[in-house]
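Line order of the protein sequences matches chains A and B. If you use numbering that gives the first Met the number 0, the first sequence closes out at 427, no skipped numbers anywhere. If you use numbering that gives the first Met the number 0, the second sequence closes out at 306, no skipped numbers anywhere. Ideal Cβ placement from N, Cα and C applies to all residues, glycine included.
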Amino acid sequence: MKIYLKNARVVDLSGRLDGLFNILIVDGRIQEIGTSLGGNPVNYEINLQGKFVVPGLFDMHTHLREPGQEYKEDIASGIAAAANGGFTGIAAMPNTDPVVDSADVVKYVLDRAKQSGLVDLHQIASITEGRKGERLSEMKDLAEAGAAAFSDDGSAVTNSQVMRRALEYSSMLDKVIIQHCEDPELTKSGSSNESADTIKYGLKTQHRLAEELILMRDLKLVEAFGGKYHATHVSTSESVSVVADAKKRGLPITCDVTPHHLFLDDSILSGYDSDYKVNPPLRTKSDCEALVEGLKSGVIDAIASDHAPHAIHEKEVEFDAAPFGMIGLETTVGAVMTKLYHERKMDIHQIVRLLSANPRKILELPIPVFELGAKAEFTIIDPDYEWTVNPDEFKSKSRNTGFKGWKFKGSAVGIINEDKFFFSDRLK
Amino acid sequence: MAQGIRNLLGLRELSLDEIVEILDTARSFREVLERPIKKVPTLQGTTVVNLFFESSTRTRISFELAERRLSADVVNFAASGSSVSKGETLKDTARNIEAMKTDVTVIRHSSTGAPHFLSRFLKSPVINAGDGINEHPTQGLLDMYTIREKFGELKGLNVCIVGDITHSRVARSNIFGLTKSGANVAVCGPKTLIPDYLQQLGVRVFYDIDAAIQWADVLNVLRIQMEREAGGDFPSIREYRLYWGINRSRLERIKKPVVIMHPGPINRGVELDADIADGDTSLILDQVTNGVAVRMAVLFLTGVKPS
């Protein structure tokens, strides 16, 4: 199999290549990169006319719902959505049914993913048995079976002693502990952020401190007991400052943010549309601003979607009854290119670090490179493709996006992952 | 002639003109209630559905009387013993009933935003009869009507709402309606029952009930829900009564008239003593009577069909 990409604007994080190149891929490996090659017959020849070719994007926080809730999403549809959204690799959270807390479930998921192939799926296992927050899961056995990291995502490990042990134990395995920061006593039944906006809407609220207190406690635990720690979906300005401060002190910690926390704020809840009901809740405009600043300054390491599919009938209910979460695999690149690349003039290299290199570093996975003989793992991004988000066009089984109806400029238009590839209809 | 309103979801969503139109329309219906025959043919041939997902006595009967006095056909729905207990969704329940050709839906629900949710897919008007901790717009309107009737106008009056503000849809509807009308609004209660950011709605906050009484022309006293004590939102009913309960000695200490309102049902001897609830300065039963007229006005303005 030979694929020939012409006039690709290569985004090479090593800084070695800069500009338009032609790339010849043979059997999943980079055969040639240059300004004047070709001539030989190939299976696919695509003139990219200056579209970006970047190291394959990686979403380190998704929910694929398999096993157990395949009506929301399954591994095959999740992978199709990931490919359509421009990701060559994703990590799935363990809050399935059963919970991914045994080697058998890890093996099952990885095996199922291999059948779909197109996108590399990395399975995160739970920190505690059944995600109950009480006893550590068999972390070493899980790591041996291929678990990429540990998280009780969906809820926090609130017991400080359990968290201490998780950090200590996982440090032997060189795996990161990913915390969903939330003090459940402070969030009880609160489905929106406590703010001047939500007070107008009469929604039950939860205070931002619910996130920040757990984050601050965890940083003290990491300082005292070691371990590799990642806070996922940070959402408040104070969380950004707390992480910035800890990084300054040299703690081995990282964090990610979702597109919806970056670009949507809680004033959108005025119509009580449950598609905007997420956990942590959408915060205020000034939080959004602080999160963007956090990306620019490097305090926030990665953008991850927290892709959380729910069936239409589950979301189409009164606000309090609806489950938390929105999907994101197919809107992340559009949102990031529109809001960060075009509006905020963020450098494409920085965007690629946030969406590709950094999440892989956090999970200790190899980062795709533009070198002869290397595995071809790229995402093609058309920075100028204009589109309107229509959930009915998604490959995901679910429709619960907060970006419905948004007009985006910029889209992923294809991926190449070794000998597999996906080219979207948008690739013109 | 009446312009009509599409839905009554909350007073947050209404303009001052729309609020005034409802209150003015209510005045003519209030006169109807004094006639020997308290019935007009206004909504003859129209069917109103009362969808009550929460128990209610006063509001449910008030709506039903308002509907019947406008000659509407009335269908009552109570969640218990219905398709809801079989797991039917709110959307399905409401759309199925509407498919039987009903014309207006009145809904009470424990979830904030449930009426707004219904209004997104029902073709017929939706009237909010109380949603979660959000709004109870017809209660807000009848409170405003009652105050306006007593004082002539709302502008410049000092109205203090006393009690559990955080969980009160009555408080929120009063705050939106009264501030739009130019009244000065305050709330009073323990700090744990008053949400942060409330000042940003243009509301003054008192923690000291005596200072609040001194300030107010009207005290709208809210029911203290006993389950809040168990939930740890304040120390005890005893302490609440001691420091925020409205009683004769508190009212006598100030040397000016204050009228007393309460949306009911009253916990006598907790937030309000019996002699005050039944005394000369109480407008509580006027509120109840006016409630029927206000709901007639709302039904008229939403349910009236183009001829």
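Any chain A beta carbon closer than 8 Å to residue i
| i | result |
| --- | --- |
| Gly131 of chain B | yes |
| Pro194 of chain B | yes |
| Lys179 of chain B | no |
| His108 of chain B | yes |
| Phe205 of chain B | no |
| Gln199 of chain B | yes |
| Gly176 of chain B | no |
| Ala185 of chain B | no |
| Gly44 of chain B | no |
| Phe116 of chain B | yes |
| Leu121 of chain B | no |
| Arg168 of chain B | yes |
| Leu89 of chain B | yes |
| Met0 of chain B | Its pLDDT being 38, under 50, Met0 of chain B is placed unreliably in this model, and the coordinates cannot settle the point. |
| Arg171 of chain B | yes |
| Ser306 of chain B | The pLDDT assigned to Ser306 of chain B is 38, lower than 50, so where the model puts this residue is not dependable; a value taken from the coordinates is nonetheless given after this. Chain A contact via Cβ: absent. |
| Glu134 of chain B | yes |
| Ala113 of chain B | yes |
| Arg34 of chain B | no |
| Arg11 of chain B | yes |
Where residue i falls: helix, strand or coil (DSSP)
| i | result |
| --- | --- |
| Glu63 of chain B | helix |
| Asp418 of chain A | coil |
| Glu238 of chain B | helix |
| Gly116 of chain A | coil |
| Val291 of chain A | helix |
| Gly18 of chain A | strand |
| Asp286 of chain A | helix |
| Leu362 of chain A | coil |
| Leu354 of chain A | helix |
| Arg171 of chain B | helix |
| His115 of chain B | helix |
| Ala1 of chain B | Here the model assigns Ala1 of chain B a pLDDT of 49, short of 50, so the residue's position is not dependable, and the following value carries that caveat. In the structure shown, Ala1 of chain B sits in coil (DSSP, three-state: anything other than H, G, I, E or B). |
| Arg8 of chain A | strand |
| Ser306 of chain B | Here Ser306 of chain B scores only 38 on pLDDT, less than 50, and its place in the model should not be relied on; the value that follows carries that caveat. The answer is coil: DSSP assigns Ser306 of chain B none of H, G, I, E or B. |
| Leu50 of chain B | strand |
| Pro35 of chain B | coil |
| Gly176 of chain B | helix |
| Val19 of chain B | helix |
Selected residue, minimal CA-CA separation from residue i, among the options
| i | options | result |
| --- | --- | --- |
| Ala142 of chain A | A:Gly84, A:Ser101 and A:Gln178 | A:Ser101 |
| Cys159 of chain B | B:Val297, B:Thr137, B:Phe150 and B:Val184 | B:Val184 |
| Met59 of chain A | A:Gly27, A:Lys71, A:Asp244 and A:His229 | A:His229 |
| Ala411 of chain A | A:Val53, A:Lys374 and A:Tyr168 | A:Val53 |
| Phe81 of chain B | B:Val103, B:Glu53 and B:Arg57 | The question names Phe, but residue 81 of chain B is Ser in the sequence shown. Nearest of B:Val103, B:Glu53 and B:Arg57 to Ser81 of chain B, Cα basis: B:Glu53. |
| Ile212 of chain B | B:Asp102, B:Ile265, B:Met260 and B:Glu228 | B:Met260 |
| Ser123 of chain B | B:Ile164, B:Leu10, B:Glu63 and B:Thr45 | B:Thr45 |
| His341 of chain A | A:Val99, A:Glu385, A:Leu23 and A:Val242 | A:Glu385 |
| Thr178 of chain B | B:Leu15, B:Leu282, B:Arg147 and B:Pro194 | B:Leu15 |
| Asp216 of chain B | B:Phe175, B:Val204, B:Thr301 and B:Val258 | B:Val258 |
| Gly201 of chain B | B:Gly176, B:Pro40, B:Ile223 and B:Met225 | B:Gly176 |
| Ala245 of chain A | A:Glu392, A:Asp217, A:Pro308 and A:Lys1 | A:Asp217 |
| Ile176 of chain A | A:Arg207, A:Asn192, A:Val221 and A:Leu208 | A:Val221 |
| Gly302 of chain B | B:Ile96, B:Arg29 and B:Ile126 | B:Ile126 |
| Tyr239 of chain B | B:Arg249, B:Arg252, B:Gly230 and B:Ile223 | B:Ile223 |
Below-8 Å beta-carbon distance, residue i vs any chain B residue
| i | result |
| --- | --- |
| Gly203 of chain A | Reading the sequence as shown, one finds Lys at residue 203 of chain A and not Gly. True, the Cβ-Cβ gap to chain B drops below 8 Å. |
| Tyr271 of chain A | yes |
Any non-hydrogen atom of the ligand PLP closer than 7 Å to residue i Cβ
| i | result |
| --- | --- |
| Arg64 of chain A | This structure simply doesn't include the ligand PLP, nor any ligand for that matter. |
(request) With 7 Å as the C-beta to C-beta threshold (strictly closer), list the residues of the region 313-332 of chain A near chain B in chain order. (result) Hits within the stretch, in order: Glu315, Val316, Glu317, Phe318, Asp319 and Ala320.
(request) Kindly provide the ranges of any beta strand (DSSP E) runs that are 3 or more residues long and lie completely inside the region 233-277 of chain A, ordered along the chain. (result) Counting whole runs of 3 or more residues, the region 233-277 of chain A contains the beta strand (DSSP E) stretches 252-256.
(request) Tell me the start and end of each unbroken beta strand (DSSP E) in the region 125-200 of chain A that is at least 3 residues and wholly inside, in chain order. (result) The beta strand (DSSP E) runs lying completely inside the region 125-200 of chain A and spanning 3 residues or more are 148-150 and 175-179, given in chain order.
(request) Jot down the residue ranges of each uninterrupted alpha helix (DSSP H) in the region 201-248 of chain B, minimum 4 residues, whole runs only, in chain order. (result) Complete alpha helix (DSSP H) runs here, min 4: 208-214, 225-229 and 236-243.
(request) With 8 Å as the limit, tell me which residues of the region 183-200 of chain A have their beta carbon closer than that to any beta carbon of chain B; keep them in chain order. (result) Close to chain B, meaning a Cβ-Cβ distance shorter than 8 Å, are the following residues of the region 183-200 of chain A: Glu193, Ser194, Ala195, Ile198, Lys199 and Tyr200.
(request) Report the residue ranges of all alpha helix (DSSP H) runs contained in full by the region 303-348 of chain A; include only those spanning at least 4 residues, in chain order. (result) Complete alpha helix (DSSP H) runs here, min 4: 311-314 and 331-335.
(request) Taking a Cβ distance cut-off of 7 Å, strictly less, list which residues of the region 236-255 of chain B are near chain A, in chain order. (result) Listed in chain order, the positions of the region 236-255 of chain B with a beta carbon within less than 7 Å of a beta carbon of chain A would be empty, since no residue qualifies.
(message) Extract the residue ranges of the alpha helix (DSSP H) inside the region 81-157 of chain B, only unbroken runs of 4 or more that lie entirely within it.
(response) Those alpha helix (DSSP H) runs which fall completely within the region 81-157 of chain B and span 4+ residues are 89-98, 113-118 and 136-150.
(request) Mind listing, in chain order, the continuous alpha helix (DSSP H) runs of no fewer than 4 residues lying wholly within the region 244-293 of chain B? (result) With a minimum length of 4 residues, the continuous alpha helix (DSSP H) runs that stay inside the region 244-293 of chain B are 247-252 and 273-276.
(request) Jot down the residue ranges of each uninterrupted beta strand (DSSP E) in the region 27-107 of chain A, minimum 3 residues, whole runs only, in chain order. (result) Fully contained in the region 27-107 of chain A are the following beta strand (DSSP E) runs of length 3 or more, in chain order: 28-33, 43-46, 51-54, 56-61 and 86-91.
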